[in-house]
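Numbering follows our numbering, with no gaps: position 176 of the sequence shown is 221.
In what follows, a structure is listed as structure tokens, so that the remarks can point back to it.
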Amino acid sequence: MKKRMTVVCMLTLITLLLSSCVIFLPQSAKEDFGETESSSVETRASVPDESASAAASSSSDLKAEEIAVFTDQSLRPMQFSISEDGKFVYLLQDDAYSKISVGDSATDLNVVYDAGGFYIKNMACGNGFTAWTELTDDAFAIKCYDHAKNETSVIRSGLYDFDTDYQVLVIKAYKDCVYYTYYDNEQDVASIMCYDVPSGSESTYMTADLFMPEKMVCAQYECLDLNDSWLLCSQRRTDGKQDVWMINLDTEANMLAHLNPDVSLVYGASFDESDSILALYYWDTDSVDHIGTCSGTAEIANWVDFDSTSIAYRDRIRYIDGHLYYIEQSQQDGSTDHFRFCDVANNGSDTSYYADAFSYFIAEDGTVYLLTRDSGWASVSLKRLESGV
């Protein structure tokens, strides 16, 4: 949030005079990628405030079945995923620890890795592995746990200056590969890297020069998302316009969306191939956050307009079959954080909620799983939304 506010004036000057349009352009070759420039900032993904009160949260009009309850404060689930080989994976975390649990059951925890003094920023699961990014004040690491071998390997690690350098924040996984952002702070180059887990080989998938001067904002690939087989990433061009790439990792077919100029930064994205709908969580030139959709040459139609006290938690959205999913984080009663799962339909006119849900996962069959907590964080529950959601 701090870095985003730092650059609002500069981004406004860059984009204010540009004309409004959204254009989806098919691209013929991946070799064309990385020739434009973009900007991005550190994602907002803090550990929720433990003083949050469930009583102050909105009521739930969605229904869910409770699968598991966790009460051990040294093993608190904060993220949940099901890997492509059917493992149940949790990120266990509070301010003092970060751990990875990989097991055969959603109800039992099996810690396979303890990050020690590092903070696990994000995790992703593929076919037979779980990968994650770690940070301290002056170092980063990208690691991968092989489910079958029961081994953890280091993909990449290094040092950085927290006050001036960009950091590895986002990681995604699909089939046998890990995709993550990497910033070469000495050469001022941003890259999306691809690590093939079975072969142990790393390659550069996309690259672009950093855009903003003086380390004010992370200049490329603020948005890096993966929906089904589609890799999505944002880039800012040298003329100040924001682009979003949609790349099919199976076929290498790709499209480029030129966004209207009042889009200053793209935080998160989701692409529904069946309807050719691109959903965007973005920051506009008036410093307001929105979630909207676009398709073809249509302008962005906003579904959600956030006020100054609320955001989409972890910058994560999903758009599937006319439904928009995200976790709303809001500030109430001073500095207290509140969380709820949101299901938005009918172009934003209908919204349903599940209170106190701070994380969600959508399985391949469309099942939506939620992590919820009680008022004092004494327990965390894994729940499954009832069918029809």
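The beta-carbon is built from N, C-alpha and C at its ideal position, and this holds for glycine as well.
By a C-beta neighbour count over all protein chains shown, 10 Å radius and 16 as the cutoff for buried, is residue i buried or exposed?
i    : result
Q232 : exposed
P306 : buried
D284 : exposed
T88  : Unreliable positioning characterises T88 in this predicted model, as indicated by a pLDDT of 32, which lies under 50. The coordinate reading is nonetheless provided below. It is buried - the Cβ of T88 has at least 16 other Cβ atoms within 10 Å.
G421 : exposed
T249 : exposed
F78  : Since pLDDT at F78 reaches only 25, below the 50 mark, its modelled position is unreliable, and the value read off the structure follows with that caveat. Looking at its Cβ environment, which holds 16 or more other Cβ atoms inside 10 Å, F78 is buried.
Q374 : buried
E344 : exposed
A302 : buried
D317 : buried
D117 : exposed
E267 : buried
G411 : exposed
G367 : exposed
Y224 : buried
D388 : buried
F384 : buried
G337 : buried
L58  : Below a pLDDT of 50, predicted positions are generally treated as unreliable, and L58, at 31, falls in that range; the measurement from the model is reported next regardless. When all chains shown are included, L58 counts as exposed.
T178 : buried
S146 : buried
D183 : exposed
S426 : buried
D334 : buried
S143 : buried
Thinking residue i and residue j are a contact (beta carbons under 8 Å), I'd like their distance in whole angstroms, please.
i    : j    : result
I4   : S404 : With the chain running from 46 to 434 in the structure shown, residue 4 is simply not present.
A169 : K217 : 5 Å
H192 : S104 : Wrong, their Cβ atoms sit about 39 Å apart, outside the cutoff.
Q376 : T396 : Incorrect: roughly 19 Å between the Cβ atoms, too far for contact.
Do residue i and residue j have their C-beta atoms closer together than 8 Å?
i    : j    : result
A109 : L323 : no
L180 : Y399 : no
N230 : Y205 : yes
Y227 : V215 : no
V349 : D329 : no
A176 : K188 : yes
A235 : D270 : no
F115 : S424 : yes
F185 : S202 : yes
S150 : F133 : yes
Y190 : F174 : yes
A408 : F386 : no
S274 : D241 : no
Q287 : A253 : no
A346 : N392 : yes
Q265 : L255 : yes
E196 : K428 : no
Inset, instruction - Give a yes or no on contact between the segment 132-139 and the segment 148-165, applying the rule of three or more CB pairs nearer than 8 Å. - result: yes
Inset, instruction - State whether the segment 415-424 contacts the segment 357-364, with contact taken as three or more CB pairs (one from each stretch) at a distance under 8 Å. - result: no
Legend entry - Touch test, the segment 241-248 against the segment 283-303, Cβ-Cβ under 8 Å, three pairs minimum: no
Inset, instruction - Please specify which runs of the beta strand (DSSP E), each continuous and at least 3 residues long, are wholly inside the segment 296-326, giving them in chain order. - result: 299-303 and 308-317
Legend entry - Secondary structure, beta strand (DSSP E): runs of 3+ residues fully inside the segment 202-242: 216-219, 222-229 and 234-241
Inset, instruction - Could you tell me which uninterrupted beta strand (DSSP E) segments, each at least 3 residues in length, are contained entirely in the segment 100-158, listed from first to last along the chain? - result: 109-115, 122-127, 133-139 and 142-148
Inset, instruction - Enumerate, from N- to C-terminal direction, the unbroken beta strand (DSSP E) stretches of 3 or more residues contained entirely within the segment 336-366. - result: 346-350 and 355-365
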